[in-house]
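Below is one structure, written out as structure tokens, with a few remarks after it.
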Amino acid sequence: MTKTALRIVSWNVNSIRKRIGQLEKLTDAHAPDVICLQETKANDTAFPFEAMRALGFAHIAAYGYGGYNGVAILSKHPLKDVVCHTRRGKRDGRHISAVVRAKNAPPVSVHSLYVPAGGEAPDPRINSKFADKLSFIDCAADYFAAEYGFRDAVVLTGDLNIAPLPSDVWDHHKMQKRIGHTDYDIAALDRLKRSLNWTDAVREIIPPDDPVFTWWSYRQSEFKVDSKGWRLDHIWVSPGLKGSIQSAEVLVDVRHWTPASDHAPVLVKLKP
DNA sequence: ATGTCAGAAATCTTCTGA
Numbered sequence: 052m053t054k055t056a057l058r059i060v061s062w063n064v065n066s067i068r069k070r071i072g073q074l075e076k077l078t079d080a081h082a083p084d085v086i087c088l089q090e091t092k093a094n095d096t097a098f099p100f101e102a103m104r105a106l107g108f109a110h111i112a113a114y115g116y117g118g119y120n121g122v123a124i125l126s127k128h129p130l131k132d133v134v135c136h137t138r139r140g141k142r143d144g145r146h147i148s149a150v151v152r153a154k155n156a157p158p159v160s161v162h163s164l165y166v167p168a169g170g171e172a173p174d175p176r177i178n179s180k181f182a183d184k185l186s187f188i189d190c191a192a193d194y195f196a197a198e199y200g201f202r203d204a205v206v207l208t209g210d211l212n213i214a215p216l217p218s219d220v221w222d223h224h225k226m227q228k229r230i231g232h233t234d235y236d237i238a239a240l241d242r243l244k245r246s247l248n249w250t251d252a253v254r255e256i257i258p259p260d261d262p263v264f265t266w267w268s269y270r271q272s273e274f275k276v277d278s279k280g281w282r283l284d285h286i287w288v289s290p291g292l293k294g295s296i297q298s299a300e301v302l303v304d305v306r307h308w309t310p311a312s313d314h315a316p317v318l319v320k321l322k323p
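Residue 52 is where the first sequence starts when you use my numbering, and the numbers rise one by one after that.
Here is the structure:
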């Protein structure tokens, strides 16, 4: 039998109910095995389980939080050990994980994260939303360091709301005082990256000096989309999977599909 | 400061979050 790559997508949909048609189009175009979603904005009663099953995702793990946040994992392969992660005992719909069990392939732990955006003022001492963002990332780093070893097969995906490299924003100089590209953000993301010696799959494939974006504000005219963006969405792999990265790309054109999310999906293919 | 989406709670619009 032929072994095929595992195709993993991460996408902040900004309401799954508004993006059902686009999820169908995305599935037709790229045949993902697993889609990690963020900002589903749907609790369990509002989540479109049937529509997602109809797209071929028989296995669904969803962790909603009313009309805000919300993460999920859609999978064509069986999922086990689904965990809706809490922080200090509180549910917030920001981190879900499951083990994907594809036939004839070793199991892979997949995480979908939605890191808090962090508000406006770029100083955690006066901006509690920013302090909470940094705290969220530190908690996640502690979790990954405690939960896994470097030999485990783990994929971390999501809207991390941080663009770490100068080439991850359209104007590095202008954005240094903007939340998502401050030294605080970049240091926090670096701590998370060291928690399992993660590899940034997109930057493994695309040279670090090349601009890559996954998010473009709604508050700019259509012609600026493509040029004025940020790379906030990421797919990272554990050291054991680093050699398995076959391809990694941002599906930029999805940002133009209407009605659009303000984020484009990231697609990574892992060799068997 | 502005711009645009989306959801909630309550209207025929305002609020919060991003």
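Idealized CB from N, CA, C, for every residue including glycine.
Within the continuous beta strand (DSSP E) that includes residue i, where are the two ends?
i      : result
TYR165 : 159-165
Here's the rule I'm using: 16 or more other beta-carbon atoms within 10 Å means buried, otherwise exposed. How should residue i be labelled?
i      : result
PRO167 : buried
PRO157 : exposed
ALA113 : buried
ASN248 : exposed
GLU90  : buried
ARG306 : buried
ARG145 : buried
THR208 : buried
THR265 : buried
LYS76  : exposed
THR389 : As displayed, the chain neither begins before 52 nor continues past 323, which places residue 389 out of reach and without an answer.
PRO310 : exposed
HIS110 : buried
ILE286 : buried
ARG282 : buried
PRO83  : buried
ASP284 : buried
ALA337 : Shown here, the chain extends from 52 to 323; a query on residue 337 therefore has no answer.
LYS92  : buried
PHE187 : buried
LYS322 : exposed
PHE108 : buried
Could you tell me which residues DSSP puts in a beta bridge with residue i?
i      : result
THR250 : VAL288
TYR116 : GLY118
SER126 : VAL85, HIS110
HIS146 : LEU164
ILE296 : LEU321
SER61  : CYS87, VAL317
VAL263 : DSSP output for VAL263 lists no bridge partner at all.
LYS131 : VAL150
LYS76  : LYS76 pairs with nothing; no bridge assigned.
VAL301 : VAL317
TRP308 : According to DSSP, which records beta bridges pairwise, TRP308 is partnered with nothing at all.
On the DSSP letters alone, give me the boundaries of the alpha helix (DSSP H) that residue i sits inside.
i      : result
LEU185 : 179-198
ARG245 : 234-245
ALA102 : 100-105
LYS225 : 223-226
Tell me whether residue i sits in a helix, a strand or coil according to DSSP, three-state version.
i      : result
GLU90  : coil
VAL50  : The structure shown does not extend to residue 50, since the chain spans only 52 to 323, so no value can be given for it.
ILE67  : helix
SER136 : Reading the sequence as shown, one finds His at residue 136 and not Ser. Three-state result, HIS136: coil.
ASP210 : strand
VAL15  : Look at the range of the chain in this structure, 52 to 323, and you will see that residue 15 is not part of it.
VAL220 : strand
LYS54  : coil
LYS141 : strand
VAL276 : coil
Using 6 Å as the cut-off, classify the Cβ of residue i as near or not near the heavy atoms of the ligand NAD, replying yes or no.
i      : result
LYS322 : This structure lacks the ligand NAD, and indeed carries no ligand of any kind.
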